[in-house]
Amino acid sequence: MKVTKRDGRIVNFDKTKIVEAIKKAMERTTGGVNLTIANKIADSIEKTNKDLSVEEIQDLVENKLMTTSRKDVAKEYITYRNERTRIREQDKAIYKDADKILNCENITNDNANIDQYSFSGKEERIAEMIHKSYAIDKLFTDRVRKAYNEHWIYIHDLNKYAIGEANCLFADVAKLLKNGFSTRNGDVRGANSVSTAFQLVAVIFQCQSQVQFGGVASAHIDTDIAPYVKISFKKHFKDALKYIGKFDNPDINEIINENKIEIDNNDLKIHYPNSYQYAYDMLNKEGKQGAQALYHNLNTLESRAGSQVPFTSINFGCDTTPEGRLVSKWILEASIDGIGKFHRTSIFPISIFQYKKGINDKPGTPNYDLKLLAIKSMSKRIYPNWVNCDFTQHHEDPNDPDTRKATMGCRTQLGYDRFGMGYKQVGRGNICPTTMILPKLGIEYGICLGKRKEPDLDGFWKAFDKLLDVTRESLLNRFTYIVKQSPKSAPFMYNNGTMADTGKCKDNVYNAVKHGTLAIGFIGLSEMCQALFGKNFVHDKKVYNFALSVIKHIYDFAKESSEKYNLNFSTYATPAEGSCETIATNLRKEYGSIPFVTDKKYTTNSSHVPVWEKVSMNEKLNLEAPFTFYETGGCITYLEIDSGLENNPKGVEKLIDYAMSLNIPYLAINFPIDTCNNCGFQGNIPEKCPRCNSENIERLRRVTGYLSTDVSHFNKGKQQEVDDRVKHNKTVDFGGENT
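Here our numbering is used: the first residue of the sequence shown is 64, the next is one more, and so on.
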């Protein structure tokens, strides 16, 4: 008697395997083991004395168990068999997908800055499949798995879940620059010049990016690097005295001994003008080169799979010391200058100007000149973005720069830490986000499917509360898994202290990670309203107020969850780069094509006005500002312009000031940046280069909070979204009322 295995091999029949399989099923029941029944079934199959396949044998076992008194065993046997079948089918699917990846047949561009054709990109995507399957099968609760599989929620960076990494961090750059740091293969001394400080920032960002899945940032790079500007100036001044000054003068000896060599020491300017000018010129040269090196390093250190560079952000603009001001100036000049032989716009770092009343908002404030330089940079390079340090949900201690409001990358913001750090930013970050798919709620309880004439709002709110609850469960579940990790999993972070309270972490990382936020995200507020009411929130006041109540409800739930679980929950306006297409595709498969709900290849980003709506700049700002008050875990407000802004700095300044006056926490302005890859011409290039007639054009566009090297690297959904973007520069009137 022969048995045909699933892989086609033919082996001799062995009835002990049947007995063993039935025994294992019996062990999973309360009725216990009865080998008499098991042997009897095995004997009866053997007596058929004909060749069978494995599947045929299992069918016989199931049928014979059902004829016995042990139907509970039959149930367990069937359940186990089905689970094994599911795993086998899953393995087949993984191999099938792996073939497509290796042959570059399925380029998804779910992350616009990953090269999916590269060796490391292929390796990363295949590993992702395994990690995702493991997390879904082994780490999700049943309730979360069901919500995820039914497309109620989206778990971000699922490929990193099982690894146990957290999302993003405001690294303690100042600490590492001062004390130095160690890596697996060596250690680095603290910085002793401004050029070294700029170089080490790039290394710190690179190393930190290896132990987290999101972005790494400096909350105030001007303040971080300022001490090393002072050190470099002293070195250059002493060199000047040695070669062109009088080193043996008693006055200068006193100045040196009493540590009076400062940039703002007027006595040096008056009494040693040549030495001072030399020192300042050399400092300026060193600082400019250092900032340029930072930009070039952060765009070329391909330290992540798929030729990715670290996802980095730098905040600056509020340090009013001479040294801090110089750092901001050098950074902005490096941004304006661009990178490489064609002086291209740099993708990273995301530069973020910290706008603050009394510091840089208007003429007469100490850093107003830096604001003007930031406008010049943004008008040419899209960067910097603008963070509102006067945002009313944030409370800064003027004596503690670590409490200065800052943002990370796409939009991440940090609120109050209930574990003693208050509004400090440095050493904290987002732990993980989960996004609620709001359009699905709208479709199920709205009028778009023709099942009802009026939306079922009672059903909507009940279902919404259930959705919030399972979203919270997903975050708590992932948080519990992350904090169980050993500090040995991320030695750079925990040995060097880039995160707060790493010294308190022994067997797990709870004491450090707890300071971060758990982000309750959402996508598609516009599509939700369209599905519910037959119109979005842009043109109807009642619908707008309903939409605002939805965001406030998330905000209230996050506050309640923080109190209930003693953790830092936040409301997150999800960026949705890769997920915008995935979510739209899943909704369309389930419900078909619904106009302005599922008919596009993308779902609208968070609470944004849909990109196709023809609204002016002031209308868009007025509509989105009230939402952003509640989006304490992160948000961004965009304006789309048809070309660069270099010829209208006053108009740009007026626009920024107006947005800040609306209490918008984070602002960015988008416009096309095209570069001819043949001759380097830059501008808005329709089809061919106006200088050399080439069609080899790089088209730089913003994905979510950051740029990508070319719009062709976006996924299909994001590409359509870019094509649909309406330009908002219809009016320069920034005094309009809310719709």
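Built from N, CA and C at the ideal position, the CB exists for glycine as well.
Small disclaimer: the values here were computed from a predicted structure and weren't measured.
By the C-beta criterion, the stretch 529 to 540 is judged not to be in contact with the stretch 454 to 470, since fewer than 3 inter-stretch pairs fall below 8 angstroms. As DSSP reads the structure, Val251 sits in a beta bridge with Phe244. Beta bridge pairing from DSSP links Tyr635 with Gly584 and Gly697.
Asn316 and Thr286 have their C-alpha atoms spaced approximately 29 angstroms apart. The C-beta distance from Gln488 to Ala636 rounds to 19 angstroms, too long to meet the 8 angstroms contact threshold.
Taking C-beta atoms as the reference points, His219 and Lys503 fail to come closer than 8 angstroms.
Of the candidates Met556, Asn574, Asp570 and Asn558, the residue whose Cα lies closest to the Cα of Asp564 is Asn574.
The alpha-carbon separation between Arg541 and Leu221 amounts to approximately 10 angstroms. The criterion of a C-beta distance shorter than 8 angstroms is not satisfied by Arg133 and Ile104.
Collapsing the DSSP output to three states places Cys495 in a strand. Annotation note: the stretch 369 to 453 contains the following uninterrupted alpha helix (DSSP H) runs of length 4 or greater, listed N- to C-terminal: 385 to 400 and 431 to 444.
Per DSSP, Cys739 is not a residue of any alpha helix (DSSP H); the beta strand (DSSP E) it occupies stretches across Ile736 to Cys739. Under the three-state reduction of DSSP output, Phe233 falls in the strand class.
Between Leu686 and Val601, the alpha-carbon positions lie close to 7 angstroms from each other.
For Phe261 and Leu357, the gap between their C-alpha atoms comes out near 6 angstroms.
Using a 10 angstroms sphere on the CB of Asp480, the tally of other CB atoms reaches 16 or more, which defines it as buried. Within the same chain, and ignoring the five residues on either side of Gln476 in sequence, the residues whose Cβ sits closer than 6 angstroms to its Cβ are Thr470 and Gly697. Relative to the Cα of Gly421, the nearest Cα in the group Asn559, Val546 and Cys381 belongs to Cys381. Under the 10 Å beta carbon count, Ala190 is surrounded by fewer than 16 other beta carbons and is classified as exposed. Distance from the Cα of Leu630 is smallest, within the candidate group Leu581, Ile586, Thr666 and Ala647, for Leu581. Selection Asn711, Gly227 and Asn668 evaluated against Ile500 yields Asn668 as nearest (Cα-Cα).
In the DSSP assignment, the residues bridged to Asp480 are Gly485.
In this structure, the CA atom of Ile583 is about 33 angstroms from the CA atom of Ile736. Gln548 counts as buried, since no fewer than 16 other beta carbons sit within 10 angstroms of its beta carbon.
Within the DSSP bridge table, the entry for Met471 names Thr475 as partners. Under the three-state reduction of DSSP output, Arg535 falls in the helix class. The C-beta distance from Ala437 to Leu395 rounds to 6 angstroms, short enough to fall under 8 angstroms.
Fewer than three beta-carbon pairs drawn from the stretch 220 to 237 and the stretch 327 to 334 are found closer than 8 angstroms, and the two stretches are therefore not classed as touching. Taking C-alpha positions only, Lys185 is separated from Arg151 by approximately 23 angstroms. A distance below 8 angstroms separates the beta carbons of Met89 and Asn97. A buried status is given to Thr375, since no fewer than 16 other beta-carbon atoms sit within 10 Å of its beta-carbon. Per DSSP, Tyr729 is one residue of the beta strand (DSSP E) stretching across Tyr729 to Asn733.
Here DSSP, grouped into helix, strand and coil, assigns Gln745 to strand. When the alpha-carbon of Lys663 is set against those of Pro728, Gly587 and Ser196, the nearest one is in Gly587. Taken through DSSP and simplified to helix, strand or coil, Glu761 comes out as strand.
For Thr691, the enclosing alpha helix (DSSP H) starts and ends at Met680 to Thr691.
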